[in-house]
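Peer 1:
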Amino acid sequence: MKHFEINEIFEILENKKENLKELETHIKVCPECRENYEKVKEFLQATQVEIPYDIKIRVKNRILESVRKKRRLRLSVVPLLVVSLTVFVIAFIFLISQNKKEVVIISPEAQAVLTPEEVLFVFKIGSLKDRRIYLDDIDITDSLRSDGNIYYYLAEKLELNPGSHNLIILKNNKIEYSQKFYLTSFKYSIYMN
Amino acid sequence: MEHNDKEELFNALYEKYFHRIWKYVYYKIGNREDTEDLCQEIFFKVWKGLDKFEGKSSYYTWIFKISMNTVISFYRKRKLKKFISLDYVDERYYSHEKDETKERVLNKIRLLPDDLKKVVELYYISNFKIIEIAEILDIPEGTVKTKLKRARELLMELLK
């Protein structure tokens, strides 16, 4: 009597071979093959694990929900980031442009009330190109003295009366800087050095 | 990859491989709660990795390797390294969830030499085809078949 090999029994029970009827007939009269048949069957059944359908759905839903949440968050954050970045860039450019502003008036302070002796104009101007400086309506640009990039205004030749005065700097004929100050005395002198 | 295309691909992979991965993880971990969490972690990694997947291996090889690594990390986190090396499964999980006959049979797989055990796990637990196992283990198909035959014979001896 021909026995069935272990691998043959496996393949028959795994539906990879079609002679199941032959095997079933054989095991009725062959205790050895019947034992192998039972063990293989037991093994194959043990490896069959049924997964509850709800687990498969539940796990997938949790993954996709998590993905969607992150996506929603990303979609809502991206415009915010773009706006923030834009604001930052604008602010940065503004600050840079501020830093590039070449006019610094040390004295007089804005809205300051000064005696003539206190009047000293110091212009930290990189270049006078395209700029004209007016004290009241008088162009003093050509009267400035320079020390590198710093320009001083010596007002000996200019008699300023007590009262309100305006300092205006034009760049390309547009007002770049404007400041009002007050003098308290008729007589004044401004000395450098 | 467009979001909708990605979701479509993910759904297809999930439908095709969830069952196999779940069985593998369940066999390795031994309880449904952790298996469910790990499967979620595995497929979330799959989702995240889809954009970077270069196609150097097939999807099932890639996903299965993610699964193996995730299971190893799980045990590492729990400082149960010995369970990995011995392929031991925490009996506490099994005692109330699995029937004894089934567990006795599955424990026989764990007694097989490593190379045979891997083939049996992939073939009978995760239901991969011979050709897929060859790719996952990076060995020829003929070698897989030989190992499978040898493993079946050994299993029968162990089960008797």
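In order, the protein sequence lines correspond to chains A and B.
When the letters of the first sequence are read in order and numbered with the numbering used here, they come out as residues 1 to 193.
When the letters of the second sequence are read in order and numbered with the numbering used here, they come out as residues 194 to 353.
Beta carbons: idealized from backbone N, C-alpha and C, even for Gly.
Values in this document were obtained by computation on a predicted structure and should not be read as measured data.
#1: Using 8 Å for Cβ pairs, my map puts Val298 (chain B) next to Leu347 (chain B). What's the rounded Cβ distance?
#2: How long is the line joining the alpha carbons of Ile323 (chain B) and Gln45 (chain A), rounded to whole angstroms?
#3: My guess is that Val49 (chain A) and Tyr219 (chain B) are in contact by the Cβ rule of under 8 Å, so how many angstroms apart are they, rounded?
#4: Report the partner residues of Asn15 (chain A) according to the DSSP bridge assignment.
#5: Taking the C-alpha atoms as reference points, what is the distance between Val77 (chain A) and Ile259 (chain B)?
#6: Taking CB distances under 9 Å as the criterion, tell me whether Val298 (chain B) reaches chain A.
#7: For Leu144 (chain A), collect the residues of the same chain with a Cβ closer than 6 Å to its Cβ; drop the 5 residues on either side in sequence, then sort them by chain order.
#8: Could you tell me which chain B residues have their CB closer than 7 Å to the CB of Ile6 (chain A), listed as they occur along the chain?
#9: When Cβ atoms are compared, which residues of the stretch 38-51 of chain A fall closer than 8 Å to chain B?
#10: Run through DSSP, which three-state label would Arg303 (chain B) get?
#11: In chain B, which residues lie less than 8 Å from Lys16 (chain A) when you measure between Cβ atoms?
#12: Is there at least one Cβ from chain A nearer than 9 Å to Phe321 (chain B)'s Cβ?
#13: Helix, strand or coil: which one does DSSP assign to Glu50 (chain A)?
#14: Under a CB-based cut-off of 9 Å, is Thr336 (chain B) close to chain A?
#15: Just grab the DSSP bridge partners of Asp139 (chain A) for me.
#16: Taking only three categories from DSSP, how would you classify Tyr286 (chain B)?
#17: For Phe257 (chain B), count the other beta carbons within 10 Å of its own beta carbon; 16 or more makes it buried, fewer makes it exposed. Which is it?
Peer 2: The short version:
#1: Numbered from its first residue, the second sequence carries residue 298 (chain B) at position 105. Numbered from its first residue, the second sequence carries residue 347 (chain B) at position 154. The pair is not a contact, with the Cβ atoms about 13 Å apart (cut-off 8 Å).
#2: Here residue 323 (chain B) is taken as the residue at index 130 of the second sequence, counted from 1. Here residue 45 (chain A) is taken as the residue at index 45 of the first sequence, counted from 1. About 20 Å.
#3: Translated into the one-based positions of the first sequence, residue 49 (chain A) becomes position 49. Translated into the one-based positions of the second sequence, residue 219 (chain B) becomes position 26. Their Cβ separation, rounded to whole angstroms, is 6 Å, which keeps Val49 (chain A) and Tyr219 (chain B) in contact under 8 Å.
#4: Locating residue 15 (chain A) in the first sequence gives position 15, counting from the first residue. Beta-bridge pairing links Asn15 (chain A) to no other residue.
#5: On the first sequence, residue 77 (chain A) is found 77 positions in, with the first residue counted as 1. On the second sequence, residue 259 (chain B) is found 66 positions in, with the first residue counted as 1. Each residue's alpha carbon lies about 30 Å from the other.
#6: In the second sequence, counting from the first residue as 1, residue 298 (chain B) sits at position 105. It does; some Cβ of chain A falls within 9 Å.
#7: Looking up residue 144 (chain A) in the first sequence gives position 144. Excluding residues within five positions, the ones whose Cβ falls inside 6 Å are Tyr151, Tyr153.
#8: As a first step, residue 6 (chain A) must be located in the first sequence, where it is residue number 6. The contacting residues are Arg345, Glu346, Met349.
#9: Lys39, Val40, Glu42, Phe43, Leu44, Gln45, Ala46, Thr47, Val49, Ile51
#10: Residue numbering aside, residue 303 (chain B) sits at position 110 when the second sequence is read from its first letter. Helix.
#11: Within the first sequence, the letter at position 16 stands for residue 16 (chain A). Under the 8 Å cutoff, chain B gives no residues; its nearest Cβ is about 11 Å from Lys16 (chain A).
#12: Against the second sequence, residue 321 (chain B) aligns to sequence position 128. It does not; no Cβ of chain A falls within 9 Å.
#13: For the purposes of this step, residue 50 (chain A) is taken as the residue at position 50 of the first sequence. Coil at Glu50 (chain A), not helix or strand.
#14: Here residue 336 (chain B) refers to the residue found at position 143 when the second sequence is read from its first residue. Judged by the 9 Å Cβ criterion, Thr336 (chain B) is not in contact with chain A.
#15: For the purposes of this step, residue 139 (chain A) is taken as residue 139 along the first sequence, with counting starting at 1. DSSP lists A:Tyr134 as partners of Asp139 (chain A).
#16: Residue 286 (chain B) sits at position 93 when you count from the first residue of the second sequence. Model confidence at Tyr286 (chain B) stands at a pLDDT of 42, short of 50, so the residue's coordinates are unreliable and nothing is read from them.
#17: Position 64 of the second sequence, counted from the start, is the residue given in the question as residue 257 (chain B). Result: buried.
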